[in-house]
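Chains as they are written, first to last, in UniProt numbering: chain S, 1 to 349; chain L, 1 to 296.
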């Protein structure tokens with residue numbers, strides 16, 4: 001080895017040791033400083049064309065968001081499941097999204113609590129395990145393939161935890177297929193999957209359009225039958241830079257939730273119109289009626305359920321270790337807006 | 001580090017011996033480098049490159065320009081990588097994909113070789129499907145995935161379909177261009193010696209076209225491997241099992257960047273491994289028999 005090579009290697013080792021010792025403190029974000037008193041020029045909002053995202057569909061199509069956002073332009077983007085939405089949030093192409101509790105926790109965990117904050121709840125309930133009619137007990141699921149919307153999404157986690165409790169091992173006793181919801185309906189009809197754990201309206205569609213029966217309503221698994229299915233997640237950076245815009249979004253969200261709870265008939269039509277516009281498919285009246293009956297809308301994120309949800313994420317093998325949820329739920333802006341609207345505050349933990 | 005040329009001693013005035021001596025003078029000198037030196041020479045530069053890349057990566061990470069959920073530390077990725085090594089899933093993941101790629105590639109060779117011969121030797125076939133074959137080669141086979149999923153469902157058939165469409169054209173085209181570059185005199189020599197069509201193909205055409213054919217095969221493997229990864233990332237189902245593509249997709253689904261990068265590293269390792277273990281030695285042998293590379 002020549003002397004030059006040797007000195008090169010020594011230099012490299014030194015550089016490696018130097019680089020290895022510590023990570024610089026991230027520079028304070030001066031670029032994202034509030035532009036006009038914390039109001040953003042644009043808000044990029046994500047949601048899914050599901051009934052569990054009714055508040056988002058109502059707020060978007062009825063103009064409740066734009067009304068509150070004022071000069072801020074609203075750009076919406078639709079996703080099939082939470083994982084994709086989180087990738088968009090991480091990649092900086094999304095500022096806020098309606099999302100399931102599972103991916104919301106995962107986003108917080110994967111970014112070591114840095115990237116996202118949960119600012120409000122949206123939907124409780126509305127997820128069921130629907131099966132081929134001849135399956136009447138968990139034991140009969142042995143040897144079947146069960147569909148969920150995406151690896152690590154809320155229903156995927158719920159299914160894996162439940163299977164674990166039933167003593168059914170994934171991969172040997174049952175298979176899990178992660179399919180986009182419309183594909184699940186086709187696959188169920190074709191007999192490729194025998195069961196599916198789905199959010200509304202897809203569980204209702206499988207029951208009413210494809211003859212499935214309900215083996216389990218996820219409400220049965222929770223005390224009082226309440227668990228968060230959909231929450232409103234905001235990028236931390238956006239929340240810090242544009243608190244006023246987030247407050248405006250939350251006002252629109254409160255208004256949409258109120259419409260959904262006080263005038264369900266109108267809400268059903270709005271949501272169905274919205275779903276038709278996004279997917280090109282209209283739900284039949286029985287499906288949308290059944291779907292609305294299986295869930296309830298509330299801005300309360302049910303913060304008390306999150307430690308259990310974080311534990312479930314570990315049980316399902318999506319996160320390696322229990323996520324420390326400190327700082328995850330930030331209902332300060334929500335409670336301020338609720339108080340202004342004369343409504344009771346929600347619990348922060 | 002050239003060794004002194006062999007000294008040739010002309011013992012007496014014997015003409016034959018003198019000529020032999022001249023011959024010996026004319027043969028190229030073969031320098032014998034010791035094995036450890038050659039091994040060192042072959043491994044140090046790539047290892048150095050690797051170290052530079054990792055140091056740069058580590059430095060970039062340490063600068064905290066990007067949040068860790070976008071750019072993890074090399075150590076975090078190594079940890080993720082270690083996890084699949086320790087639990088043994090690395091073997092099943094790699095084997096699922098490599099097995100598919102090898103089977104797909106061998107089938108592609110079996111289809112593309114007669115196809116290439118036909119295109120090269122039969123004028124009608126060349127005009128009829130030659131342009132299509134070249135066109136197919138430039139069509140990214142990932143474009144077939146959505147159609148294949150509709151036709152075959154989420155099954156191995158989909159994956160093999162995409163792999164074959166990716167690799168058959170480049171192997172066939174490699175063979176065609178290899179044959180086109182065979183000097184016509186070789187064929188005429190065969191005619192003179194009484195070789196029939198088949199014998200001429202087997203004994204003259206194929207060996208003479210071997211370098212071009214091999215280059216086509218190498219490209220065909222690369223296309224097969226790329227197509228396979230594209231198909232595995234898009235088409236995932238429990239029936240298909242977890243290959244490298246599905247493993248990458250899983251990392252992306254749960255937003256785990258360390259998992260995504262360790263999948264990319266694993267895909268790269270397999271690619272480099274196949275190149276070093278299979279194609280490099282093969283190519284070397286072919287070149288050597290043609291006097292185009294120094295014997296090892």
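Glycine is no exception: its CB is placed at the ideal position from the N, C-alpha and C atoms.
Open item on the list: Relative to the C-alpha of residue 277 of chain L, which candidate in L:192, L:45, L:179 and L:218 has its C-alpha closest?
Closed with: Within the second chain, the letter at position 277 stands for residue 277 of chain L. Cα-wise, what sits closest to residue 277 of chain L is L:218.
Open item on the list: My output table needs one value for residue 117 of chain S: the three-state DSSP class, helix, strand or coil.
Closed with: Counted from its first residue, the first chain places residue 117 of chain S at position 117. Correct three-state label for residue 117 of chain S: strand.
TODO: Within its chain, find whatever has a CB closer than 7 Å to the CB of residue 130 of chain L; leave out the 5 residues flanking it on each side and keep chain order.
DONE: Translated into positions along the second chain, residue 130 of chain L becomes position 130. Take residue 130 of chain L, set aside five residues on each side of it, and the residues of its chain with a beta-carbon closer than 7 Å to its own are 119, in chain order.
Open item on the list: Quick test of your reading: residue 151 of chain S and residue 195 of chain S, contact by CB under 8 Å. State the CB separation rounded to the nearest angstrom.
Closed with: In the first chain, the residue the question calls residue 151 of chain S occupies position 151. In the first chain, the residue the question calls residue 195 of chain S occupies position 195. Not a contact, Cβ separation roughly 17 Å.
Open item on the list: Within a Cβ cutoff of 6 Å, which residues of the same chain sit near residue 335 of chain S, ignoring the five residues on either side of it in sequence?
Closed with: For the purposes of this step, residue 335 of chain S is identified with residue 335 of the first chain, where counting begins at 1. Result list for residue 335 of chain S: 345, in chain order.
Task: Coil, strand or helix - residue 360 of chain S by DSSP - done: No answer is possible for residue 360 of chain S: the residues shown for chain S start at 1 and end at 349.
Open item on the list: For a cutoff of 8 Å on Cβ pairs, would you count residue 62 of chain L as touching chain A?
Closed with: Of the protein chains in this structure, namely S and L, none is chain A.
Open item on the list: With a threshold of 8 Å between beta carbons, is residue 67 of chain L in contact with chain S?
Closed with: Within the second chain, residue 67 of chain L is the residue found at index 67, counting from 1. Closer than 8 Å: yes.
Open item on the list: Let me check one thing: in DSSP terms, what residues is residue 110 of chain S bridge-paired to?
Closed with: Taking the first chain and counting its residues from 1, one reaches residue 110 of chain S at position 110. DSSP lists no partner for residue 110 of chain S.
Task: Cut-off 6 Å between Cβ atoms - residues of its own chain near residue 349 of chain S, not counting five sequence neighbours on either side - done: Position 349 of the first chain holds residue 349 of chain S. Once the five neighbours on either side are set aside, the close Cβ partners of residue 349 of chain S are 303.
Open item on the list: For chain L, check one thing: does any of its Cβ atoms lie closer than 8 Å to the Cβ of residue 151 of chain S?
Closed with: Translated into positions along the first chain, residue 151 of chain S becomes position 151. Yes, residue 151 of chain S lies at the interface with chain L (some Cβ there is under 8 Å from its Cβ).
Open item on the list: Out of L:183, L:270, L:256 and L:153, which one is the CA nearest neighbour of residue 93 of chain L?
Closed with: On the second chain, position 93 is the one that residue 93 of chain L refers to. Nearest of L:183, L:270, L:256 and L:153 to residue 93 of chain L, Cα basis: L:270.
TODO: Give the residues of chain S in contact with residue 49 of chain L, contact being defined as C-beta atoms less than 8 Å apart.
DONE: Here residue 49 of chain L refers to the residue found at position 49 when the second chain is read from its first residue. Ordered by position in chain S, no residue passes the 8 Å Cβ test against residue 49 of chain L, which lies about 11 Å from the chain.
TODO: Would you grab the beta carbon distance between residue 175 of chain L and residue 113 of chain L for me? Rounded to a whole angstrom, and I think it's under 8 Å.
DONE: For the purposes of this step, residue 175 of chain L is taken as the residue at position 175 of the second chain. For the purposes of this step, residue 113 of chain L is taken as the residue at position 113 of the second chain. Yes, they are in contact, since the Cβ atoms of residue 175 of chain L and residue 113 of chain L sit about 6 Å apart, within 8 Å.
- [ ] Answer yes or no: do residue 127 of chain S and residue 257 of chain S have a C-beta to C-beta separation smaller than 8 Å?
- [x] Position 127 of the first chain, counting from 1, holds the residue named residue 127 of chain S. Position 257 of the first chain, counting from 1, holds the residue named residue 257 of chain S. No, the Cβ-Cβ distance between residue 127 of chain S and residue 257 of chain S is not below 8 Å.
TODO: For the alpha helix (DSSP H) containing residue 134 of chain L, list its first residue and its last residue.
DONE: Residue mapping note: residue 134 of chain L aligns to position 134 of the second chain, counting from 1. Residues 123-138.
Task: CA-to-CA distance, residue 51 of chain S to residue 90 of chain S, given in whole angstroms - done: Translated into the one-based positions of the first chain, residue 90 of chain S becomes position 90. Translated into the one-based positions of the first chain, residue 51 of chain S becomes position 51. When rounded, the distance between both Cα atoms is 25 Å.
Task: Residues from the region 63-93 of chain S in contact with chain L, defined by Cβ distance under 7 Å - done: Of all residues in the region 63-93 of chain S, only 83, 86, 87 and 90 place a beta-carbon less than 7 Å from a beta-carbon of chain L.
Task: Under the three-state DSSP convention, the category residue 342 of chain S falls into - done: Within the first chain, the letter at position 342 stands for residue 342 of chain S. Reduced to three states, the DSSP call for residue 342 of chain S is coil.
TODO: For residue 134 of chain L, collect the residues of the same chain with a Cβ closer than 7 Å to its Cβ; drop the 5 residues on either side in sequence, then sort them by chain order.
DONE: To locate residue 134 of chain L, count along the second chain from 1; it is residue 134. Closer than 7 Å at Cβ, skipping near neighbours: 173.
Open item on the list: Restricting to Cα atoms, I'd like to know which of S:112, S:64 and S:131 is closest to residue 211 of chain S.
Closed with: Counting from one through the first chain, the residue named residue 211 of chain S turns up at place 211. Checking every option, the nearest Cα to that of residue 211 of chain S belongs to S:131.
Open item on the list: Give me the DSSP bridge partner(s) of residue 199 of chain L.
Closed with: The residue given as residue 199 of chain L occupies position 199 in the second chain. Answer by DSSP bridge pairing: none, since residue 199 of chain L is not bridged.
TODO: Tell me, please, whether the region 232-245 of chain L touches the region 142-150 of chain L by the rule of three or more beta-carbon pairs shorter than 8 Å.
DONE: The region 232-245 of chain L vs the region 142-150 of chain L: in contact.
TODO: Counting only the same chain and skipping the five closest in sequence on each side, list residues whose C-beta sits under 6 Å from that of residue 200 of chain L.
DONE: Working through the second chain from its first residue, we reach residue 200 of chain L at position 200. So the list reads 190, once near-sequence residues are dropped.
Task: Beta-carbon proximity check, residue 96 of chain S vs residue 249 of chain S, cutoff 8 Å - done: Along the first chain, read from residue 1 onward, the residue named residue 96 of chain S stands at position 96. Along the first chain, read from residue 1 onward, the residue named residue 249 of chain S stands at position 249. Yes.
Task: 7 Å Cβ cut-off: residues of chain L touching residue 145 of chain S - done: In the first chain, the residue the question calls residue 145 of chain S occupies position 145. For residue 145 of chain S, the C-beta contacts it makes with chain L under 7 Å involve 238, in order along the chain.
- [ ] Mind listing the chain S neighbours of residue 252 of chain L? Cutoff is C-beta to C-beta under 8 Å, in chain order.
- [x] Reading the second chain from its first residue, position 252 is the one you call residue 252 of chain L. Near residue 252 of chain L (Cβ distances below 8 Å), the residues of chain S are 83 and 87.
TODO: Flag this pair as yes or no: are the beta carbons of residue 214 of chain L and residue 292 of chain L separated by less than 8 Å?
DONE: Taking the first residue of the second chain as 1, we reach residue 214 of chain L at position 214. Taking the first residue of the second chain as 1, we reach residue 292 of chain L at position 292. Not closer than 8 Å, so no.
Task: Best match in S:38, S:202, S:93 and S:39 for proximity to residue 182 of chain S [C-alpha to C-alpha] - done: Here residue 182 of chain S refers to the residue found at position 182 when the first chain is read from its first residue. Checked all of S:38, S:202, S:93 and S:39; the closest Cα to residue 182 of chain S is S:202.
Open item on the list: Output needed for residue 176 of chain S: all residues of its chain with C-beta closer than 8 Å, excluding positions within five of it in sequence on either side, in chain order.
Closed with: Sequence index remark: in the first chain, residue 176 of chain S carries index 176 (1-based). Cβ within range, chain order: 145, 146, 147, 148, 156, 159, 160 and 170.
Open item on the list: Is there a C-beta anywhere in chain S that falls below 8 Å from the one on residue 256 of chain L?
Closed with: On the second chain, position 256 is the one that residue 256 of chain L refers to. Yes, its Cβ sits closer than 8 Å to a Cβ of chain S.
Open item on the list: Taking a contact to mean a Cβ-Cβ separation below 8 Å, would you say residue 115 of chain S touches residue 107 of chain S in this structure?
Closed with: Your numbering for residue 115 of chain S matches position 115 in the first chain. Your numbering for residue 107 of chain S matches position 107 in the first chain. For the pair residue 115 of chain S and residue 107 of chain S, the CB atoms are nearer than the 8 Å cut-off.
Task: Backbone secondary structure at residue 292 of chain L - three-state DSSP - done: Within the second chain, the letter at position 292 stands for residue 292 of chain L. Correct three-state label for residue 292 of chain L: coil.
Task: Length of the line joining the Cα atoms of residue 227 of chain L and residue 138 of chain L - done: Taking the second chain and counting its residues from 1, the one referred to as residue 227 of chain L is at position 227. Taking the second chain and counting its residues from 1, the one referred to as residue 138 of chain L is at position 138. When rounded, the distance between both Cα atoms is 13 Å.
- [ ] For residue 176 of chain S, return the contacting residues in chain L, with the cut-off set at a CB-CB distance below 8 Å.
- [x] Position 176 of the first chain, counted from the first residue, corresponds to residue 176 of chain S. Those are 238, listed as they occur along chain L.
Open item on the list: With a threshold of 8 Å on Cβ separation, who are the neighbours of residue 70 of chain S within its own chain once the five nearest residues in sequence on each side are excluded?
Closed with: The count along the first chain starts at 1 and reaches residue 70 of chain S at position 70. So the list reads 39 and 248, once near-sequence residues are dropped.
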